[in-house]
Amino acid sequence: MLCRTGAVFLSDSRTSAGMDNITMRSKMRVYEKPGERVICIMSSGNLSLTQATLALIDDDLILANNEPASETIMTTQTLYETARYVGTKVRAVEKRDRVALEADGFDFNINLIVGGQIAGLTPEIHLIYPQGNSIHATRDCPFLQIGETKYGKPILDRGFNYETSLSDAVKFGIISIDATMKSNVAVGPPIDLLCYELDSLMANLRMRLDEDDPYLQEIGRKWQNGLVKLVKDMPAPDFTKRSLGFATAA
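Just so you know, we're using numbering that gives the first Met the number 0 here: the sequence shown kicks off at 0 and counts up by one.
Below, the structure is given as structure tokens:
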């Protein structure tokens, strides 16, 4: 979620390979060099593919210790270049694994969100597709989602915009995920949260919200109670003033 004053990143931690194989793994990875850059990567899709992609990114960081001139996620000059770099890792995994996966009836299913800020530039958020290409958030379309999006998206569509404060953006994000968790058992806590303040170049505002976290429970409870109250406060339909066009049986 991209705001004038920064960006907010949220991800759930539930992975599912069927109803009898549900586990918890973080879907957020943060790369940070204080004062220079903060890069957040979130993932959805096939767990082996996301882990393989992140492993290639981490391998480059290890190799860079011996080859300082090599490109890594910590040496890219722009966020677009960062997204392109991550996209090349997705393509490398695709080249290696797609044929074997599809031979056994599995799709090459991976989507990533890459966002943050590099010193001297404005914050950006990019969504990377399985093909390795990307789109980015804008002021007119300030949020991007991956994974199970349909339940939480209407909340962001109606309430969140580029001028929303970071504090309110966090609340919108949690409500969006709460709505998704209510409707889909494949999405669940812990919820990883990074609230990034413009030009801070630090990833110091981070939280992990477990299922029994008081704040997560309070937001969900107030959202549900507030929605019920709002509906009760709305005017009732007046059936006497409208013709519904139904045929009357003789």
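Quick reminder that beta carbons are idealized off the backbone N, C-alpha and C, glycines included.
- The alpha-carbon of Lys231 is positioned some 11 Å away from that of Asn224.
- In the displayed model, Thr71 falls within coil according to three-state DSSP, outside both helix and strand.
- When secondary structure is reduced to three states using DSSP, Gln116 falls in the strand class.
- Judged by DSSP in its simplified three-state form, Ala6 adopts strand.
- Using a Cβ-Cβ distance cut-off of 8 Å, the segment 90 to 99 and the segment 141 to 149 are not in contact, since fewer than three pairs of beta carbons, one from each stretch, lie closer than that value.
- If you ignore the 5 residues before and after Ser10, its C-beta comes within less than 6 Å of the C-beta of Lys26, Met27, Met41 and Asp191, all in its own chain and listed in chain order.
- Less than 8 Å separates the beta-carbon of Ile124 from that of Leu143.
- Annotated as proximal: Pro189 and Met23, with beta-carbon spacing under 8 Å.
- The beta strand (DSSP E) runs of length 3 or more contained entirely in the segment 181 to 244 are, from start to end of the chain, 190 to 196 and 205 to 208.
- Under DSSP, the beta-bridge partners assigned to Arg28 are Ile40.
- Comparing alpha carbon positions, the residue from Leu193, Ala63, Arg157 and Ile56 closest to Gly114 is Leu193.
- Bridge pairing for Met23: Arg13 [DSSP].
- For Ser133, the enclosing beta strand (DSSP E) starts and ends at Ser133 to His135.
- Residue pairing by DSSP puts Leu1 in a beta bridge opposite Ala6.
- DSSP places Leu60 within a helical segment (H, G or I) once states are collapsed to three.
- Burial is judged here by how many other beta carbons sit within 10 angstroms of a residue's own beta carbon; Asn160 has at least 16 and is buried.
- The straight-line gap separating the alpha-carbon atoms of Glu35 and Gln116 is approximately 8 Å.
- Annotation for Glu123: no alpha helix (DSSP H) segment contains it, though the beta strand (DSSP E) segment containing it runs Glu123 to Ile127.
- In the DSSP assignment, Asp156 falls within the unbroken alpha helix (DSSP H) covering Lys152 to Gly158.
- Annotation: Tyr161 is outside any alpha helix (DSSP H) and is labelled neither H nor E by DSSP.
- A residue is called buried when at least 16 other Cβ atoms come within 10 angstroms of its Cβ; Ser166 does not meet this threshold and is exposed.
- Spanning the alpha carbons of Pro141 and Pro129 requires a straight line of approximately 22 Å.
- Across the set Ala63, Phe171 and Pro33, the C-alpha of Phe171 shows the shortest separation from the C-alpha of Leu215.
- If you draw a straight line from the Cα of Leu120 to the Cα of Phe238, it is about 57 Å long.
- Looking only at Val29, Leu200 and Thr81, the smallest Cα-Cα distance to Gly131 is reached by Thr81.
- For the 8 Å CB-CB criterion, Leu155 and Ser175 form a contact.
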